[in-house]
Structures are given as structure tokens and as C-alpha cells.
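In our numbering, each residue carries its 1-based index in the sequence shown increased by 778.
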Amino acid sequence: MKVKNICCIGAGYVGGPTMAVIAQRCPEITVTVVDINEKRIAAWNDTDVNNIPIYEPGLAEIVEEARDRNLFFSTDVDGAIDKADMIFISVNTPTKTYGIGKGMAADLKYIELCARQIARVATNDKIVVEKSTLPVRTAQALKNILDNTGNGVNFQILSNPEFLAEGTAVTDLLAPDRVLIGGDIDTEKGKKAVQTLVDIYGHWVKPEHILTTNVWSSELSKLTANAFLAQRVSSINAMSELCEATGADVNEVSKAVGMDTRIGPKFLQASVGFGGSCFQKDILNLVYIAKSFGLNQVADYWEQVILLNDHQKRRFAANIVKTLFNTVSGKKIAMLGWAFKKDTNDTREAASIYVADYLLNEQAEIVVYDPKVTEEQIYADLDYLGTRSSEENRKLITVVNDPEVACSESHAVAVMTEWDEFLELNWEKIYESMLKPAFLFDGRRLLNKKDMEDLGFKLYTIGN
Ligand code: UDX
Ligand code: UDX
């Protein structure tokens, strides 16, 4: 079967870039990305392509090439479902904030709503592809809804987890380590559906990089990959604290360890803590699934990755307070970077949010600069924590659009995101403009230690 029309529900960090690349590489397929958020769709359609709602290097160019040719953004969800041969579900699946599994399980209400909507609208056979990260066996739930409430049409459900990392989404999509497609490979119809999706990726991905499995293996592989990646970060972060206590340098340890080809050098960078929409959520999900099968040791093992990450964020913030003579009350602290990593405007679970919250509890005055994150987002992130009223958050935190202004007359600067532009700052001028002693807390090991100390900074870097 050849796909002519693709619909993707959810125009977010995953749906947007993934569909833009599919549209660019498959000009004969019409790709329509739909979302219930009108503002977001309007931004994707903005005549100035630099105003699309997601910042990713290289994405604007791809959108510009494909948009209105075979890539469309719309709020007409029913219309797009009706036309499509293949529907990607790419809506968010946040951690539940209520009821059973609160704080752990994935909230599948959006997924279920999508399934019901597809079932209601569809009048011909469709392939439904799970793109959202989901607990294992969600495909089965999707199938039950589709088969039992549908108009008697045939649905094939595939799992096709996304492995792109934000900030490098376009290169990850264009040259993926692997594309994983899970389907009902024991049946003819299932095999055909899998092959249909293989053919789409086959436009630009070599066959040896396309892996097909059964649906559950595919679903579990995504959670496992994220858990392993996050575990590496927590492992090196655990060592960073030991390095600080013993005088070893975590970068040297990391390099030595990473040169073992069995371990490899990636994801061994000590930091103030991992953030992002996936790591914490996926591990919590894994923990919840393990617990629900009574596998308590498995659950505890993975939960420790999160606990260590929470500890690392708290430890960084506590260290700021301790170093500033045990009080930050009324002191100005500049935070450089708010995004959870460089080259993205995404702030979900960013370490900066938790560090800021800790310091605000100690009555610090915080000034934030981030090259891509809006003031509105920063306040929304703090309001979401619910520690204090949104009026108080607005009173205690100032957002500026110039890093030098952020740092001027501050007691301390904390580097929260490894934006390249922070390397280019006039650090001498910044040092001069600060209150003395001028403290610098490098949560990303971004800056050259010796240079900063030569300028006069009292420097703290994670893991020495
Ligand atoms: C994705 C995946 O879906 C998530 O499971 C994975 O773990 C991370 O990546 P992401 O693209 O980052 O999520 O989420 P987000 O940027 O929030 O985009 C989801 C979009 O879906 C939002 O724009 C939201 O408005 C839309 N949506 C949600 C719908 O259109 N319909 C709904 O019913 C719910
Ligand atoms: C991750 C996975 O990498 C991706 O495959 C999956 O699809 C979604 O989740 P993402 O969250 O976008 O991607 O970014 P990633 O590059 O994995 O970084 C996650 C966090 O870990 C960031 O806060 C980053 O700064 C931190 N990190 C990463 C470290 O602290 N040290 C490292 O060595 C690597």
C-alpha cells in the first residue's frame, strides 16, 4: 500500500519536526499536522518562518521548503483524520497529577481522546502510529477503543517511538541511529502496515537502520533507551559529588571511563541535573509499570536515577547558599540560561526551575537571561510548581534580554544552560560589574576554569 495522505495529531516538539522532515523527504505525500491549540497552529503558519513555535537548528529552512507544498498545519482535526491513510498520534502524555499513579504513571487521557476521535471520524481503513512515548501495552488499549467504537473499518496499530533529542532534532531525524517500528508482525495485515511505514522512512534512511519488532518490544525499547541514557547522567553526577569530596576532577574521570569502548564517551557529562520532557517521565513510567507487576526491586533500581537527579539539583542550589555565607536573602543572583539544554526553547523539567525555586525560598532576587525562552514561559514554569503566588514570582524574578544586564551588580552568576554564546561573553566586563567577591557557579562545566579564576571569580564547577 502506498500512503498519499498523512495526518499527525499534535504539533509539538515531536510532531512538528518529524512531520516537516517526512514532508521534505516524501514530496508525493501530503502531510497535515493538526492540533487543538489554535495559537500554536497559527504560529506554524506564520508568514515569517522564524516565528514557528519550536526553535530547532535547521527546522525553519525545512518548514519553509515544504510548507504549503505538501506540509500543512491546521486545527481541522476531523478533516485531516478523514483524509488520511496513516495517522500519527503525537500528543503529550504528561505524568498524572491526580488519582491512581499520581506523580508516576503517564496520563493517557489525550491519547484516548485521539483514539475516540479517530474511531468516530474514520470511514476507511487506516494505519494508526503511536509516536508519543507510552507505557507498554498502550497499543492494545488503542486497538480496543478503535475496534469497538469504530465504523467497522480496519485499523492497524504501529508503535514508532521517536528518538530525536531536542536541539539536534533535524540531524537526528535525517540521520537516525535507528528507526524502530513495532507492529502486529504475526499477521499479514500487520506485516503490510509495518512495511508501509518502512517504505516512508526508506525515502532517506538505509534499510539496515530500520528495525522492526513486535509492538510491545518497540514500546518498551523507548522507555529503556531513555532510562539508560538518564542513568548514565545520574551515574556521572553521583561521581561528581564524590569528586568534590575527594579532589578528583569528574571530567578527567569521565574521559578515562568513556575511552573504554565498552562504555563509550557519550552522556557522561556531569551537570546540574538532567531535564527535558522525557527522562523523568519515562523512568517514572517504568517504575510504575514494574511496581504494578510487583517487581519492587526493579522499580527501586530505576527510581534511584530520579532521586539522584533531584539530589543533584538541590545540592547545586544549596551550595550557592552555603558559599554566599549561608544567606542569599535580598541578594541578586543572575541565572544564565533557563532551557533544559542548549539550542532549544523547551523548559520542561529544566534544572533551572528547581534551582530558582530553592533560591526564591531563601529570598534571593533572581534575574534570568535565556536567548530563546520567553519571559512568559519562565513565569509559567514557576507558577506551575505552585510554591508561591504568581504575583510573588513576578516580584522576585526579573527576566532580561541582555546577559550583561542580568549579571551587573549581582553577587553571583549561575550558568544553567550550556548555550554557546555564553562562551563569547565579555567575562572581564561582567566580573567588573559584579559585587565582590564575585561568585560564579558553573552548572554545565561550560567555562574554562583557569580563565575564570584568572579574572578573579570565585568559581564552583560541578565535580571540581
Ligand atoms: C512528545 C510525545 O508526545 C511525548 O509522549 C513524548 O514523551 C515527548 O514528545 P511533545 O511533542 O514534546 O510530546 O509535546 P508537546 O510539545 O506538548 O506537543 C503535543 C501537542 O499535542 C500540543 O501542541 C497539544 O496542543 C496537542 N494536543 C494535545 C492535541 O492536539 N490534542 C490533544 O487531545 C492533546
Ligand atoms: C532525550 C533522548 O536523548 C531522546 O532520544 C528521546 O527521544 C527524548 O529524550 P532530550 O530530552 O531532548 O532527548 O535531550 P537529551 O540530549 O537526551 O538531554 C536530556 C538532559 O540530559 C538534558 O538536560 C541534558 O543537559 C542532560 N545531559 C545529557 C547531561 O546532563 N549530561 C550528558 O552527558 C547528557
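Ideal Cβ placement from N, Cα and C applies to all residues, glycine included.
Small disclaimer: the values here were computed from a predicted structure and weren't measured.
- The beta-carbon distance between E1143 and L1163, rounded to whole angstroms, is 18 Å. This is too long to meet the 8 Å contact definition.
- By the CB criterion at 8 Å, V914 and W994 fall inside the cutoff.
- For H1189, the number of other beta carbons within 10 angstroms of its own is at least 16, and it is reported as buried.
- Inclusion of A862 and A801 in the CB contact set at 8 Å is not warranted, their separation being larger than that value.
- Taking C-beta atoms as the reference points, N828 and A821 fail to come closer than 8 Å.
- Note that the C-beta distance between V948 and V1099 is not below 8 Å.
- Assignment of A893 by DSSP, reduced to helix, strand and coil, places it in the helix class.
- Beta-bridge partners assigned by DSSP to Y1147: L1114.
- If you look at L958, you'll find it in the beta strand (DSSP E) that goes 957–961.
- Check the Cα spacing between I978 and each of G794, T808, K1207: the tightest is with T808.
- In the DSSP annotation of this structure, the continuous segment of the beta strand (DSSP E) that includes S852 starts and ends at 849–852.
- Between R894 and I923 the beta-carbon gap is near 6 Å, inside 8 Å, which marks them as a contact.
- Residue pairing by DSSP puts K1236 in a beta bridge opposite F1217.
- In this structure, ligand 1 has no non-hydrogen atom nearer than 7 Å to the beta-carbon of C786.
- Per DSSP, reduced to three states, the secondary structure at I1084 is helical.
- As DSSP reads the structure, T991 sits in a beta bridge with G960.
- Taking the Cβ atoms as the reference, L1114 lies roughly 5 Å from V1193, within the contact range of under 8 Å.
- Distance check between E944 and each of K1236, K1120, D1027 places K1120 closest, using alpha-carbon atoms only.
- Relative to ligand 1, K1150 has its C-beta separated by 7 Å or more from all heavy atoms.
- Closest option to R1166, judged by alpha-carbon separation, among Y1136, N1226, T916, G960: Y1136.
- Here K1059 has T873 as same chain residues with Cβ atoms under 6 Å from its own Cβ, once five neighbours each way along the sequence are excluded.
- Boundaries for T1176: no alpha helix (DSSP H) harbours it, while the beta strand (DSSP E) harbouring it runs 1175–1177, taken from the DSSP string.
- If you ignore the 5 residues before and after E1081, its C-beta comes within less than 6 Å of the C-beta of V1065, all in its own chain and listed in chain order.
- Restricted to the segment 849–880, the beta strand (DSSP E) segments that are unbroken, complete and at least 3 residues in length are 849–852, 864–867, listed in chain order.
- For R1092, the three-state secondary structure derived from DSSP is helix.
- Looking at the DSSP output, V812 bridges to I787, S852.
- Contact annotation: the segment 966–976 does not touch the segment 848–855, with fewer than three C-beta pairs closer than 8 Å.
- Here K1091 is actually not in contact with A1117; their C-beta atoms are around 15 Å apart, not less than 8 Å.
- Nearest C-alpha to L936 among L998, E890, F866, D955: F866.
- Setting aside the 5 residues that flank it on each side, V907 is surrounded in the same chain by F866, L936, N938, each with a C-beta closer than 6 Å to its C-beta; the list follows chain order.
- F1057 carries a helical assignment under DSSP once its states are collapsed to helix, strand and coil.
- In this structure, T1101 places its C-beta atom within 8 Å of the C-beta atom of Y1238.
- In this structure, DSSP gives K1109 a state outside helix and strand, which the three-state scheme calls coil.
- DSSP lists I905 as the bridge partner or partners of Q934.
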